[in-house]
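See structure below.
4 protein chains.
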Amino acid sequence: MTTSQPLRVTIWNEFVHERNKDAVKAIYPDGIHATLAQALVRQLGEQVQVRTATLDEPQHGIPDDVLAATDVMLWWGHSAHDQVADERVDAVQRRVLEGMGLIALHSAHASKIFRRLMGTGCMLRWREAGEKERLWITAPGHPITEGLEGEFFELPATEMYGEFFDIPSPEELIFISWFSGGEVFRSGCTFRRGRGKIFYFRPGHETFPIYHDATVQRVIANAVRWAAPSGSPYFGQSRNIEPPLEPIQRTHLADPSLHRHG
Amino acid sequence: MTTSQPLRVTIWNEFVHERNKDAVKAIYPDGIHATLAQALVRQLGEQVQVRTATLDEPQHGIPDDVLAATDVMLWWGHSAHDQVADERVDAVQRRVLEGMGLIALHSAHASKIFRRLMGTGCMLRWREAGEKERLWITAPGHPITEGLEGEFFELPATEMYGEFFDIPSPEELIFISWFSGGEVFRSGCTFRRGRGKIFYFRPGHETFPIYHDATVQRVIANAVRWAAPSGSPYFGQSRNIEPPLEPIQRTHLADPSLHRHG
Amino acid sequence: MTTSQPLRVTIWNEFVHERNKDAVKAIYPDGIHATLAQALVRQLGEQVQVRTATLDEPQHGIPDDVLAATDVMLWWGHSAHDQVADERVDAVQRRVLEGMGLIALHSAHASKIFRRLMGTGCMLRWREAGEKERLWITAPGHPITEGLEGEFFELPATEMYGEFFDIPSPEELIFISWFSGGEVFRSGCTFRRGRGKIFYFRPGHETFPIYHDATVQRVIANAVRWAAPSGSPYFGQSRNIEPPLEPIQRTHLADPSLHRHG
Amino acid sequence: MTTSQPLRVTIWNEFVHERNKDAVKAIYPDGIHATLAQALVRQLGEQVQVRTATLDEPQHGIPDDVLAATDVMLWWGHSAHDQVADERVDAVQRRVLEGMGLIALHSAHASKIFRRLMGTGCMLRWREAGEKERLWITAPGHPITEGLEGEFFELPATEMYGEFFDIPSPEELIFISWFSGGEVFRSGCTFRRGRGKIFYFRPGHETFPIYHDATVQRVIANAVRWAAPSGSPYFGQSRNIEPPLEPIQRTHLADPSLHRHG
Numbered sequence: 000m001t002t003s004q005p006l007r008v009t010i011w012n013e014f015v016h017e018r019n020k021d022a023v024k025a026i027y028p029d030g031i032h033a034t035l036a037q038a039l040v041r042q043l044g045e046q047v048q049v050r051t052a053t054l055d056e057p058q059h060g061i062p063d064d065v066l067a068a069t070d071v072m073l074w075w076g077h078s079a080h081d082q083v084a085d086e087r088v089d090a091v092q093r094r095v096l097e098g099m100g101l102i103a104l105h106s107a108h109a110s111k112i113f114r115r116l117m118g119t120g121c122m123l124r125w126r127e128a129g130e131k132e133r134l135w136i137t138a139p140g141h142p143i144t145e146g147l148e149g150e151f152f153e154l155p156a157t158e159m160y161g162e163f164f165d166i167p168s169p170e171e172l173i174f175i176s177w178f179s180g181g182e183v184f185r186s187g188c189t190f191r192r193g194r195g196k197i198f199y200f201r202p203g204h205e206t207f208p209i210y211h212d213a214t215v216q217r218v219i220a221n222a223v224r225w226a227a228p229s230g231s232p233y234f235g236q237s238r239n240i241e242p243p244l245e246p247i248q249r250t251h252l253a254d255p256s257l258h259r260h261g
Numbered sequence: 000m001t002t003s004q005p006l007r008v009t010i011w012n013e014f015v016h017e018r019n020k021d022a023v024k025a026i027y028p029d030g031i032h033a034t035l036a037q038a039l040v041r042q043l044g045e046q047v048q049v050r051t052a053t054l055d056e057p058q059h060g061i062p063d064d065v066l067a068a069t070d071v072m073l074w075w076g077h078s079a080h081d082q083v084a085d086e087r088v089d090a091v092q093r094r095v096l097e098g099m100g101l102i103a104l105h106s107a108h109a110s111k112i113f114r115r116l117m118g119t120g121c122m123l124r125w126r127e128a129g130e131k132e133r134l135w136i137t138a139p140g141h142p143i144t145e146g147l148e149g150e151f152f153e154l155p156a157t158e159m160y161g162e163f164f165d166i167p168s169p170e171e172l173i174f175i176s177w178f179s180g181g182e183v184f185r186s187g188c189t190f191r192r193g194r195g196k197i198f199y200f201r202p203g204h205e206t207f208p209i210y211h212d213a214t215v216q217r218v219i220a221n222a223v224r225w226a227a228p229s230g231s232p233y234f235g236q237s238r239n240i241e242p243p244l245e246p247i248q249r250t251h252l253a254d255p256s257l258h259r260h261g
Numbered sequence: 000m001t002t003s004q005p006l007r008v009t010i011w012n013e014f015v016h017e018r019n020k021d022a023v024k025a026i027y028p029d030g031i032h033a034t035l036a037q038a039l040v041r042q043l044g045e046q047v048q049v050r051t052a053t054l055d056e057p058q059h060g061i062p063d064d065v066l067a068a069t070d071v072m073l074w075w076g077h078s079a080h081d082q083v084a085d086e087r088v089d090a091v092q093r094r095v096l097e098g099m100g101l102i103a104l105h106s107a108h109a110s111k112i113f114r115r116l117m118g119t120g121c122m123l124r125w126r127e128a129g130e131k132e133r134l135w136i137t138a139p140g141h142p143i144t145e146g147l148e149g150e151f152f153e154l155p156a157t158e159m160y161g162e163f164f165d166i167p168s169p170e171e172l173i174f175i176s177w178f179s180g181g182e183v184f185r186s187g188c189t190f191r192r193g194r195g196k197i198f199y200f201r202p203g204h205e206t207f208p209i210y211h212d213a214t215v216q217r218v219i220a221n222a223v224r225w226a227a228p229s230g231s232p233y234f235g236q237s238r239n240i241e242p243p244l245e246p247i248q249r250t251h252l253a254d255p256s257l258h259r260h261g
Numbered sequence: 000m001t002t003s004q005p006l007r008v009t010i011w012n013e014f015v016h017e018r019n020k021d022a023v024k025a026i027y028p029d030g031i032h033a034t035l036a037q038a039l040v041r042q043l044g045e046q047v048q049v050r051t052a053t054l055d056e057p058q059h060g061i062p063d064d065v066l067a068a069t070d071v072m073l074w075w076g077h078s079a080h081d082q083v084a085d086e087r088v089d090a091v092q093r094r095v096l097e098g099m100g101l102i103a104l105h106s107a108h109a110s111k112i113f114r115r116l117m118g119t120g121c122m123l124r125w126r127e128a129g130e131k132e133r134l135w136i137t138a139p140g141h142p143i144t145e146g147l148e149g150e151f152f153e154l155p156a157t158e159m160y161g162e163f164f165d166i167p168s169p170e171e172l173i174f175i176s177w178f179s180g181g182e183v184f185r186s187g188c189t190f191r192r193g194r195g196k197i198f199y200f201r202p203g204h205e206t207f208p209i210y211h212d213a214t215v216q217r218v219i220a221n222a223v224r225w226a227a228p229s230g231s232p233y234f235g236q237s238r239n240i241e242p243p244l245e246p247i248q249r250t251h252l253a254d255p256s257l258h259r260h261g
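Chains as they are written, first to last, in numbering that gives the first Met the number 0: chain A, 0 to 261; chain B, 0 to 261; chain C, 0 to 261; chain D, 0 to 261.
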């Protein structure tokens, strides 16, 4: 039941702000994806094999063969959600349904892929003021909280995201954030779609060094392990079953040719 | 807190099979939508005001003003899902997020609007054999089960739908079906998206007289009442909040112009 | 489908602090139950028929015949949870499973009946400092939020309750509280147990006039309507089913006398 | 993040039928616990360290030190639920809240500990006829389904359990059973209580060789791994927090001595 195969992680970043804004470049000189990649390798060592992909690469760096070879994908985007090709969004969604884990970070709440998987608008209140955030643990037994020692952890200066956050009710609510400006937010949320596991994690911003924070890195590493493909195969296609598993009494159908699904 | 305003219900039907197949015409001479409309009026009387809409009408019969004047929408489609314009799917989704109830019937599992709101493929096993279905109640306190007297109800001859049904985990699981051919199915499922309530109800088919069944009619009428808009307003837009509700200590931001959401 | 029968509401209060502490008596001279009863009648008029019951009455004022004639029960207790007889807790639990709604208010988080129905410890962080609370709506379409106009409502001075709140994951999370002292809390939570609906609502305290607040009163009135019995009957007993609904192939059993359930 | 420590598993069995009924002794000569222990060791090898405990031992074989040294507990009981001391039930519940996993097998649905953790009656329909059961997977990505290759698995002859099963809505529904006699059942259900994970698994009976089935053994082994303690510590006690984390404006309290929780 154990495996020595490393988890294959692909970190996707639109990689725009880090190239055109000095303030962001100062914090993430090689891009947010590079910082995240280093953090994952530091945390998980040989348990992971990390690659990165960015918007400006052909097929955004995530052609079908890369997706097929990805166990867990991290997604970071902010200013260029609209530039992601719908065709690639379709492909990522298919892979999630088949079992690929997806970790949507911070402003990825508004990405095409996250909104696609949620079925809602995913919008929220926000404020760019560098205020304090305190993340409270509401699911202490969850593997994503592994290694957190207290009842909460803090980020001294962040962008605020506040409720109402227009997502479906999360299957597991891991963190709720308190902000000094008066808001709260469901900051750590899990969802299952098809065979795939999804984790939305609020912290992170391009002008604050959030992804250099050790606790944030730990949570993301935990989430990568949690979101790894597991369980039985995905049976997601339309499938006409004849003969039945058990003998049945059939009722006459006028025109069976009517029936085609999906 | 009470209101004498009737619920405004729009029953949408692709209305294809009833016109081009004699077997279907025999069961639903004026279309499935007409049968459902009569049933709702019989069940709910002056509590509802029912209109119908079909695929071949301009804007499929559901232009923005009709959607704006709809509290609960029923959706039936089977062979022409692809002919529904994406622009109308967008509009229906928006209205659901704002609070319109949606009841997806039977083969509407594969409709664009249902798949959009679920974020998954929504496919399933199926068999067209007219076998027996028994629907077990798994949420006895739910308003959608009002008036059902036993632990289950039966349909003598139906199309089978079986698991794995590729939907997100329902928020409330109301019915599980047993089929004589050996399958089970989550046949009554509720979901919330934005401010809107969604009910998926499996029974129904164009070549079986399912929508003439009194219990099926009762469940649909219950669902219409349950799915009616309620509660507080929908705050679903991206909203930048300044000044904050509480005094905060601001951290310098290099370039606030970076930040635009949604 | 409509009924002119009023909802029969029983408000239970331990009624201790209001008699032995002047500070509490000043706010609730006739007891918290009396204030709640007046508020419900003002909000719901002839839709409800309200009675009250207190700890010091025979059988705590809730003998079986009172329970049998109660559709929704409100529960308030703080200092005398241990004085509630287990036998009455058993009786209330049975009635909830059969369909009676239960609204647990504030410090009722630690009551025997709430802990019984949750299966957990239900403890929390708290602070008695009269700080500000802001309740954010996280389920805008829910009937319990009916009539609330904004994204949140506020209480200027309250006792603080903070996470981790040791409850099972709520089925619907209606409110999350922000406290000026730095905590958050899941303040409006629904649960189903058997055929009964349960709402936990955090606001309320004996030394703050929380139950005189119009919004708090509105939420409680909404909850009473939401928690009313509905749906199909409760089949909760152990039941041996012979003959089976469908013909089966029986496998020989060595000793059927072994098997008795529950 | 990895550990070489084996999971400490305690298998609890009331161990009554295997001693007083020849039919049961023939299938489980050393008790169901012995069969389960051998299966776990065969499946998980050095990943687990297994001990067993039975009703007739002092403190039912689960004194506090054994509980403290248990990561995951399996529970099997049928005819002697009432003989389990409430004091031991309290102790097991406390350990689950602290993080110990609990796997309740088959007729353990009616055990004191399972009912305590659920807060409901946990009763169901049943029939002792040795009919066919087919378990359908409804959560294909779940670790508990690891290694199952098809859409379902079958047991040729079992006791039937049918809905309505009086449990709270499961957090994850892993299996739904189909029975040839006409019933369905939520056969694999997960719950979180405090920091602990709970899995209810329906298959198993003393007069059918269910626990000799390789797939059943695989699911139980998967569940042991899934239910292992994980995540952050459990903060479950009542805790008065002074001073607050953030500066607050205090409102005068007439008598702070009123307030003591839990």
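From the three backbone atoms N, C-alpha and C, an ideal C-beta is built for every residue, glycine too.
Everything numeric in this text was worked out from a predicted model, so none of it was measured.
Complete runs of the beta strand (DSSP E) confined to the segment 36-115 of chain D [at least 3 residues]: 47-53, 71-75 and 100-104
Per-residue contacts from V183 (chain D) into chain B (C-beta, under 7 Å): As a first step, residue 183 (chain D) must be located in the fourth sequence, where it is residue number 184. Chain B residues near V183 (chain D): W135, I175, W177 and V183.
Status (buried if at least 16 other CB within 10 Å, exposed otherwise) for Q42 (chain D): Translated into the one-based positions of the fourth sequence, residue 42 (chain D) becomes position 43. Buried, because 16 or more other Cβ atoms sit within 10 Å of the Cβ of Q42 (chain D).
Whole runs of the alpha helix (DSSP H) within the segment 1-33 of chain B, excluding any shorter than 4 residues: 16-19 and 21-26
Chain D contact for E162 (chain B) (CB, 7 Å cutoff): Sequence index remark: in the second sequence, residue 162 (chain B) carries index 163 (1-based). It does: the Cβ of E162 (chain B) has a partner Cβ on chain D nearer than 7 Å.
Any C-beta of chain B under 7 Å from that of Q82 (chain A): Stepping through the first sequence from its first residue, residue 82 (chain A) is reached at position 83. Not an interface residue.
Distance, G140 (chain D) Cα to S229 (chain A) Cα: Here residue 229 (chain A) refers to the residue found at position 230 of the first sequence. Here residue 140 (chain D) refers to the residue found at position 141 of the fourth sequence. Approximately 5 Å, taken between the alpha carbons.
Sub-7 Å separation of F184 (chain C) and Y160 (chain C) beta-carbons: If you number the third sequence from 1, residue 184 (chain C) lands on position 185. If you number the third sequence from 1, residue 160 (chain C) lands on position 161. Result yes, Cβ atoms of F184 (chain C) and Y160 (chain C) sit closer than 7 Å.
Beta-bridge pairing of Y199 (chain A) - partner residues as DSSP gives them: On the first sequence, residue 199 (chain A) is found 200 positions in, with the first residue counted as 1. Answer is A:A103 and A:C188.
Other residues of its chain near E153 (chain C): CB distance less than 6 Å, five sequence neighbours each side excluded: Within the third sequence, the letter at position 154 stands for residue 153 (chain C). So the qualifying residues of the chain are R133.
Where E182 (chain C) falls, given that 16 or more other Cβ within 10 Å makes a residue buried: Position 183 of the third sequence, counted from the start, is the residue given in the question as residue 182 (chain C). Within a 10 Å sphere around the beta-carbon of E182 (chain C) sit 16 or more other beta-carbons, which makes this residue buried.
Chain-ordered neighbours of G193 (chain D) on chain C, where CB pairs are closer than 7 Å: In the fourth sequence, residue 193 (chain D) corresponds to position 194, counting from 1. By Cβ distance, chain C contributes T119, G120 and D165.
Same chain, Cβ closer than 6 Å to N12 (chain B), five either side skipped, listed in chain order: On the second sequence, position 13 is the one that residue 12 (chain B) refers to. Closer than 6 Å at the Cβ level, and outside the excluded window around N12 (chain B), lie G30, I31, H32, T53 and W75.
Simplified DSSP state of Y160 (chain B), which is helix, strand or coil: Counted from its first residue, the second sequence places residue 160 (chain B) at position 161. Note: Y160 (chain B) maps to strand in three-state DSSP.
Range of the contiguous beta strand (DSSP E) that encloses R133 (chain A): Locating residue 133 (chain A) in the first sequence gives position 134, where the first residue counts as 1. For R133 (chain A), the enclosing beta strand (DSSP E) starts and ends at R124 to I136.
Closer than 7 Å at the beta carbon, the chain F residues around E17 (chain B): The chain inventory of the structure shown lacks chain F, comprising the protein chains A, B, C and D.
Selection from D:A22, D:K24, D:T51 and D:Q46 that minimises the alpha carbon distance to A36 (chain D): Position 37 of the fourth sequence, counting from 1, holds the residue named residue 36 (chain D). Put simply, of D:A22, D:K24, D:T51 and D:Q46 the residue whose alpha carbon is nearest the alpha carbon of A36 (chain D) is D:T51.
The alpha helix (DSSP H) enclosing I219 (chain C), as first and last residue numbers: Position 220 of the third sequence, counted from the start, is the residue given in the question as residue 219 (chain C). Here the alpha helix (DSSP H) through I219 (chain C) covers A213 to A226.
Cutoff 8 Å; reference W135 (chain B); Cβ partners in own chain excluding five residues on either side: Counted from its first residue, the second sequence places residue 135 (chain B) at position 136. Around W135 (chain B): E150, F151, F174, I175, S176 and W177.
Residues that I175 (chain B) bridges to, as DSSP identifies them: Here residue 175 (chain B) refers to the residue found at position 176 of the second sequence. Answer by DSSP bridge pairing, in chain order: B:W135 and B:R185.
7 Å Cβ cutoff met for L6 (chain C) and D70 (chain C): Translated into the one-based positions of the third sequence, residue 6 (chain C) becomes position 7. Translated into the one-based positions of the third sequence, residue 70 (chain C) becomes position 71. For L6 (chain C) and D70 (chain C), yes; Cβs fall inside 7 Å.
Cutoff 7 Å: F234 (chain C) Cβ touching any chain B Cβ: The count along the third sequence starts at 1 and reaches residue 234 (chain C) at position 235. So yes, F234 (chain C) belongs to the interface.
Helix, strand or coil at P142 (chain C) [DSSP, three-state]: For the purposes of this step, residue 142 (chain C) is taken as the residue at position 143 of the third sequence. Helix at P142 (chain C).
Beta-carbon separation (whole angstroms), G203 (chain A) vs L104 (chain A), contact threshold 8 Å: For the purposes of this step, residue 203 (chain A) is taken as residue 204 along the first sequence, with counting starting at 1. For the purposes of this step, residue 104 (chain A) is taken as residue 105 along the first sequence, with counting starting at 1. Confirmed, about 5 Å.
For R94 (chain B), the nearest candidate out of B:T250, B:G180, B:A68 and B:T206 (CA to CA): Position 95 of the second sequence, counted from the start, is the residue given in the question as residue 94 (chain B). Of the candidates B:T250, B:G180, B:A68 and B:T206, the one whose C-alpha sits nearest the C-alpha of R94 (chain B) is B:A68.
Burial state of P28 (chain B) (16 or more Cβ within 10 Å): For the purposes of this step, residue 28 (chain B) is identified with residue 29 of the second sequence, where counting begins at 1. With fewer than 16 Cβ atoms within 10 Å of its Cβ, P28 (chain B) is classed as exposed.
Minimum Cβ-Cβ distance from G129 (chain C) to chain D less than 7 Å: Taking the third sequence and counting its residues from 1, the one referred to as residue 129 (chain C) is at position 130. Yes, because at least one Cβ of chain D sits closer than 7 Å to the Cβ of G129 (chain C).
Presumed contact (8 Å Cβ cut-off) between G129 (chain C) and R249 (chain D), rounded CB distance: What you label residue 129 (chain C) is simply residue 130 of the third sequence in a count that begins at 1. What you label residue 249 (chain D) is simply residue 250 of the fourth sequence in a count that begins at 1. G129 (chain C) to R249 (chain D), Cβ: 6 Å. Contact.
Residues that R238 (chain A) bridges to, as DSSP identifies them: Here residue 238 (chain A) is taken as the residue at index 239 of the first sequence, counted from 1. Looking at the DSSP assignment, R238 (chain A) forms a beta bridge with B:R124.
Other residues of its chain near Q48 (chain A): CB distance less than 6 Å, five sequence neighbours each side excluded: On the first sequence, position 49 is the one that residue 48 (chain A) refers to. These residues qualify, in order along the chain: P5 and R7.
Cβ neighbours of E45 (chain A) in the same chain (closer than 7 Å, five flanking residues each side left out): Reading the first sequence from its first residue, position 46 is the one you call residue 45 (chain A). P5, listed in sequence order.
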